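Residue numbers (my numbering): 30 to 398.
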Ligand SMILES: Cc1ncc(COP(=O)(O)O)c(C=O)c1O
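Rendered as structure tokens:
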């Protein structure tokens with residue numbers, strides 16, 4: 030009889046043999062240079078107290094939402110939170126999701142149809158690739174941040190075209206040339222969608238907002254599980270696209286809405302962000318301290334994500350182990366998450382990392398290399 034487990038076992042064995050088998054481990058103890066908690070809001074006692082107070086005032090927020098937002102799950106709190114977010118970002122409408130993955134899945138599976146084309150930066154997040162499969166649209170890739178290559182591809186398209194970029198790339202820690210890509214989008218009448226998962230909070234309300242490009246962008250995705258220290262995501266867009274997503278995006282329609290506590294934590298998170306601007310200033314100081322450590326980083330100067338290429342799996346594993354033996358938690362990224370030969374140590378800097386921790390980290394890496 031056909032062995033159902035055989036291909037599964039073979040796939041896992043292949044990963045193990047390559048030394049890249051993923052396993053779940055208990056959260057390690059050590060100095061955090063690997064999480065997305067850039068501003069230290071997750072675990073911030075003042076933020077926790079604000080959230081506790083909100084729950085005490087209204088314990089109902091802990092209840093399950095009871096259904097899809099199109100049936101019984103559309104609370105006043107989620108509606109008010111969306112209005113608040115739209116106002117903060119100076120856009121017409123916001124649509125909330127329980128995570129950034131869900132937001133991207135909704136957008137890119139629903140908006141493009143089988144006759145359309147989605148052009149993605151080759152380094153775009155996996156959620157966009159997964160969504161494109163669901164949409165059946167044609168997907169093309171342009172070379173990372175290469176807007177000339179993007180234009181070459183755009184010139185050859187007919188019909189509706191969407192472009193997908195991240196404002197700050199999570200694996201390389203570099204920024205998208207947003208201005209140039211927005212100009213191209215306008216020239217070719219395409220729809221630009223910007224994922225701001227790693228920029229939101231670190232750079233105010235994100236780079237689309239700070240560069241005042243929101244009117245030229247079809248939709249922006251901001252996520253709240255990283256710098257904001259909570260969870261969830263919003264698609265920032267106009268009323269028309271919001272109505273379309275509510276009608277056609279399966280990841281929005283066919284799922285139970287999150288409980289109100291999530292939405293409360295997001296609006297309180299915005300307030301906390303505005304009251305604690307010092308955190309992002311401190312983060313920039315820490316990034317500068319790291320950069321003075323003279324490591325060859327392929328990332329941009331003011332990025333909280335710094336990637337050090339160690340193109341040898343074995344060496345990368347060794348380095349990451351040496352760091353963890355010394356109490357430093359970093360994240361080695363092996364292929365296939367990144368292309369073979371570009372394996373790297375990803376270091377995430379935070380507002381709460383101390384100068385001596387950063388200096389010690391760079392010293393160990395410099396000695397190893
Ligand atoms: C660029 C990018 N987009 C989307 C996501 C997904 O966001 P979330 O973790 O909220 O699902 C991530 C998280 O890894 C990301 O890095």
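Note that beta-carbon positions come from the ideal geometry of N, C-alpha and C, so glycine has one too. These numbers come from a predicted model, not from an experiment.
Residues proximal to ligand 1 by C-beta, any heavy atom closer than 5 Å: This selection yields 128, 129, 130, 154, 195, 199, 224, 226, 252 and 254.
- request: State the beta-bridge partners of residue 77 as determined by DSSP.
  value: One-based indexing of the chain shown puts residue 77 at position 48. According to DSSP, residue 77 bridges with nothing at all.
Which of helix, strand or coil DSSP assigns to residue 299: Start at 1 with the first residue of the chain shown, and residue 299 comes out as number 270. Reduced to three states, the DSSP call for residue 299 is helix.
field: Spatially closest choice to residue 116 from 266, 350, 358 and 385, by CA coordinates
entry: Indexing the chain shown from 1 puts residue 116 at position 87. The residue from 266, 350, 358 and 385 with its alpha-carbon nearest to that of residue 116 is 266.
field: 8 Å Cβ cutoff met for residue 153 and residue 192
entry: On the chain shown, position 124 is the one that residue 153 refers to. On the chain shown, position 163 is the one that residue 192 refers to. No, Cβ-Cβ distance for residue 153 and residue 192 is not below 8 Å.
task: Check each candidate in 382, 336 and 384 and name the one with the smallest Cα separation from residue 371.
output: The residue given as residue 371 occupies position 342 in the chain shown. Closest option to residue 371, judged by alpha-carbon separation, among 382, 336 and 384: 336.
message: Within 10 Å of its beta-carbon, does residue 38 have 16 or more other beta-carbons around it, so buried, or fewer, so exposed?
response: Looking up residue 38 in the chain shown gives position 9. Classification of residue 38: exposed, given that the 10 Å Cβ count is below 16.
task: In angstroms with no decimal places, state the Cα-to-Cα distance between residue 360 and residue 217.
output: Taking the first residue of the chain shown as position 1, residue 360 is located at position 331. Taking the first residue of the chain shown as position 1, residue 217 is located at position 188. Their Cα atoms are separated by approximately 39 Å.
Beta bridge counterpart(s) of residue 262 as assigned by DSSP: Taking the chain shown and counting its residues from 1, the one referred to as residue 262 is at position 233. Note: residue 262 sits in a beta bridge opposite 126 and 252.
task: Taking only the alpha-carbon atoms, compute the straight-line gap between residue 127 and residue 175 and give it to the nearest angstrom.
output: Here residue 127 refers to the residue found at position 98 of the chain shown. Here residue 175 refers to the residue found at position 146 of the chain shown. The alpha-carbon separation between residue 127 and residue 175 amounts to approximately 32 Å.
- prompt: So what does residue 233 bridge to, in DSSP terms?
  reply: The residue labelled residue 233 in the question sits at position 204 within the chain shown. According to DSSP, residue 233 bridges with 230.
- request: Flag this pair as yes or no: are the beta carbons of residue 235 and residue 251 separated by less than 8 Å?
  value: Walking along the chain shown from the start, residue 235 turns up at place 206. Walking along the chain shown from the start, residue 251 turns up at place 222. The answer is yes: Cβ separation under 8 Å.
message: DSSP three-state label for residue 335, please.
response: Counting from one through the chain shown, the residue named residue 335 turns up at place 306. Here residue 335 carries a strand assignment [DSSP, helix/strand/coil].
query: Is it right to say residue 214 is buried, meaning 16 or more other beta carbons lie within 10 angstroms of its own, or is it exposed?
result: Position 185 of the chain shown, counted from the first residue, corresponds to residue 214. Residue 214 comes out buried.
- prompt: If you run the structure through DSSP and keep just helix, strand and coil, what is residue 191?
  reply: In the chain shown, the residue the question calls residue 191 occupies position 162. It is a strand residue.
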